[in-house]
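These protein sequence lines are chains A and B, in that order. Going by my numbering, the first residue of the first sequence is number 1, and it counts up by one from there. Going by my numbering, the first residue of the second sequence is number 132, and it counts up by one from there. Data first, discussion second: the structure below is written as structure tokens.
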Amino acid sequence: MKRDRDLRDLVKLYSDEMKPVPTGGKKLPDGSVLEVVRNDVTSKVELLHWEDGESAISAEFFCGGKRYVPSHEAVHLKWLPSGASSYLSTRDLFEELQAFIVLGLNASSESATQLAHFCLASFFGDVIALF
Amino acid sequence: MLSGDSMGAASLLRLLGCITYHALLLADCATNSTAYELRPTRLILQADSRVDALLAPLQFPGFAISARGLRQVSGAVALYVGDFELRSRHLEAALFFPVPPTLRFFSPQDELRNALKINELQNRLLQYRLQNLNAVMVSDFDVPTLSGSSRVVAQMLGQCIVDAPGCQGRVANLLQSRDEESRVERSSGLDAVIIEALVVLCHEQRPSVHLGEVAEIANALLTRNEEVLKLKPRKVSAIMKKMGLISCRLDSGGRGIYLLREQCALIHRLGSHYGVASLVQGLPGCPHCRDK
Chain A
1 MKRDRDLRDL VKLYSDEMKP VPTGGKKLPD GSVLEVVRND VTSKVELLHW
51 EDGESAISAE FFCGGKRYVP SHEAVHLKWL PSGASSYLST RDLFEELQAF
101 IVLGLNASSE SATQLAHFCL ASFFGDVIAL F
Chain B
132 MLSGDSMGAA SLLRLLGCIT YHALLLADCA TNSTAYELRP TRLILQADSR
182 VDALLAPLQF PGFAISARGL RQVSGAVALY VGDFELRSRH LEAALFFPVP
232 PTLRFFSPQD ELRNALKINE LQNRLLQYRL QNLNAVMVSD FDVPTLSGSS
282 RVVAQMLGQC IVDAPGCQGR VANLLQSRDE ESRVERSSGL DAVIIEALVV
332 LCHEQRPSVH LGEVAEIANA LLTRNEEVLK LKPRKVSAIM KKMGLISCRL
382 DSGGRGIYLL REQCALIHRL GSHYGVASLV QGLPGCPHCR DK
């Protein structure tokens, strides 16, 4: 009888731990980071795991006894990266953003600079305040 | 915070939707329809009465709203205000962008045509985030030459630029004119006039001062500025309280404040903040003018 109860507790504990944890991106306790990405072949939303400059993409990730899966809501995001790729230098990336804004909106260089700052800062909305 | 041409604003928000983090194009300010765990960049085409209440939690990480439990909704937001009049005091920490009517229309077809480029940019921006998250978190970038909310906005934007001092330096230029405008605005407001009056009284080395006397000097300063408004002691008291200078009953002559060392130091600090003219040179021999 006690053995059955112990077994039930163990199964419950295991299933609780393995319950999927939806995430839209998260810094994990071990210092690695999860981000949602969209597979450019299947269009499915997946998770990118980043650790020490290396990235791996998968439908789910296990960390600290938890099973992370992409948030269902991520399908509503029209644009998601398909992975992480080299930006050469911050200056190159910034100039690329400016060029995209100037070309897309015929905006002045000053406006493009201001908007490029906003775009870059939006990627750190969880650590800085921006409005 | 976008103002100006509405078509231009829609176009601009659509383009920002391509190159910001987890962008959501929204037609209103509801937060309950937005997945909190995505920490989206909210690109809102229409301001409404809900914005005033939402400005603080959207703007400041850590301040939650009560919506089926406590929710963190902070994140980047671009909001087209149009003709809607926002009242929140938190508005001053926003970055303002007047949308010119000359912007080219960025259509859904443009988005499709640029899909490859957008995907490349998203991938590079993601790598930038991942590589620099820790550096941004510990960044102490600052532009001490700017003041008030301009300085805060400069800090926020500059902290996100890693390993590019040129780009980081340009943040100060972007905010220079806004800073000058807000300095002028601050120095000509009632708060500034009352502080200027208190600075005069500090320099007279008075141990205490009645509200009526502060009002008298403030009114003289207002007349100098060709204002017809006359401040009453009660109004002076309310403005002083807002700035941390709380009056008390001094004697049979009524309420006022003691000008102890601590109060004089605060008055001088406030004077610097409001750009009080007499503090630019400072009074020789005044310890607070020297320390400010």
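Positions of the beta carbon are idealized from the N, C-alpha and C atoms, including for glycine. None of the values given here were measured: they were computed from a predicted structure.
Would you mind telling me which residues of chain A sit closer than 7 Å to Gln290(B), beta carbon to beta carbon, in chain order? Ile128
7 Å Cβ shell around Leu401(B) - same chain, five flanking residues per side excluded: Ile326 and Met374
Enumerated in chain order, which unbroken segments of the beta strand (DSSP E) with a length of 3 residues or greater are wholly contained in the stretch 135 to 211 of chain B? 154 to 157, 172 to 175, 195 to 197, 201 to 203 and 208 to 210
What would DSSP say about Thr23(A), mapped onto helix, strand or coil? strand
Cβ-based neighbour list, Arg380(B), same chain, cut-off 7 Å, excluding 5 preceding and 5 following: Arg386
Starting from the beta carbon of Asp40(A), find every residue of chain B whose beta carbon is closer than 9 Å, and list them in chain order. Asn250
Given a limit of 9 Å on CB to CB distance, which residues of the stretch 49 to 77 of chain A reach chain B? Trp50, Gly53, Ser55, Ser71, His72, Glu73, Ala74, His76 and Leu77
Within 9 Å (strictly less), CB to CB, does Pro171(B) reach chain A? yes
Any idea what DSSP makes of Asp126(A), helix, strand or coil? coil
Applying a beta-carbon distance threshold of less than 7 Å, which residues of chain B neighbour Val45(A)? By Cβ distance, chain B contributes nothing, its closest Cβ being about 11 Å from Val45(A), past 7 Å.
In the DSSP assignment, the beta strand (DSSP E) including Arg386(B) goes from what residue to what residue? Gly385 to Tyr389
Close-in-space but distant-in-sequence residues of the same chain around Tyr87(A) (CB under 6 Å, 5 per side omitted): Leu93
Is there a Cβ from chain A that is less than 9 Å from the Cβ of Gln262(B)? yes
Three-state class that DSSP yields for Ser55(A) in the structure shown: strand
So Phe228(B) contacts chain A; which residues on that side make the cut at Cβ distance below 9 Å? Ser111, Gln114, Leu115 and Phe118
Does any residue of chain A bring its CB to less than 9 Å from the CB of Gln412(B)? no
Are the C-beta of Ser313(B) and some C-beta of chain A separated by less than 9 Å? no
Those runs of the beta strand (DSSP E) which lie wholly inside the stretch 350 to 394 of chain B and span at least 3 residues: 379 to 382 and 385 to 389
Verify whether the separation of the beta carbon atoms of Met287(B) and Ile128(A) is less than 9 Å. yes
Note down, in chain order, every chain B residue with its Cβ under 9 Å from the Cβ of Arg91(A). Asp294, Ala295, Gly297 and Cys298
Find the nearest neighbour of Pro133(A) within the set Leu144(B), Leu169(B), Ala158(B) and Ser142(B), judged by alpha-carbon distance. As displayed, chain A neither begins before 1 nor continues past 131, which places residue 133(A) out of reach and without an answer.
Pick from Val340(B), Leu352(B) and Pro415(B) that is closest to Gly384(B), judged by C-alpha positions: Val340(B)
Whether Glu60(A) touches Leu47(A) by CB criterion (9 Å): yes
Members of the stretch 267 to 279 of chain B near chain A, C-beta cut-off 8 Å: Val267 and Met268
Contact defined as beta carbons within less than 8 Å: I believe Ala303(B) pairs with Ala285(B). What is the distance between those atoms, to the nearest angstrom? 6 Å
Taking the DSSP output, what are the residues bridged to Arg314(B)? According to DSSP, Arg314(B) bridges with nothing at all.
Are the C-beta of Leu97(A) and some C-beta of chain B separated by less than 9 Å? yes
Which residues in the same chain have their Cβ closer than 7 Å to the Cβ of Lys27(A), if we skip the five residues on either side of it in sequence? Val33
Can you look up Lys44(A) in the DSSP assignment and give me helix, strand or coil? coil
Any beta-carbon of chain B closer than 9 Å to the one on Lys19(A)? no
For the stretch 359 to 372 of chain B, which residues have a beta carbon sitting closer than 7 Å to at least one beta carbon of chain A? none
Using 8 Å for Cβ pairs, my map puts Pro20(A) next to Arg91(A). What's the rounded Cβ distance? The Cβ separation is near 40 Å, so there is no contact.
Closest by CA to Leu306(B), which one among Met371(B), Leu321(B), Ala225(B) and Glu357(B)? Ala225(B)
Closest by CA to Gln336(B), which one among Gly297(B), Glu312(B) and Arg392(B)? Arg392(B)
Closer than 9 Å to chain A by CB, Ala195(B): no
Give a yes or no on contact between the stretch 308 to 325 of chain B and the stretch 349 to 366 of chain B, applying the rule of three or more CB pairs nearer than 8 Å. yes
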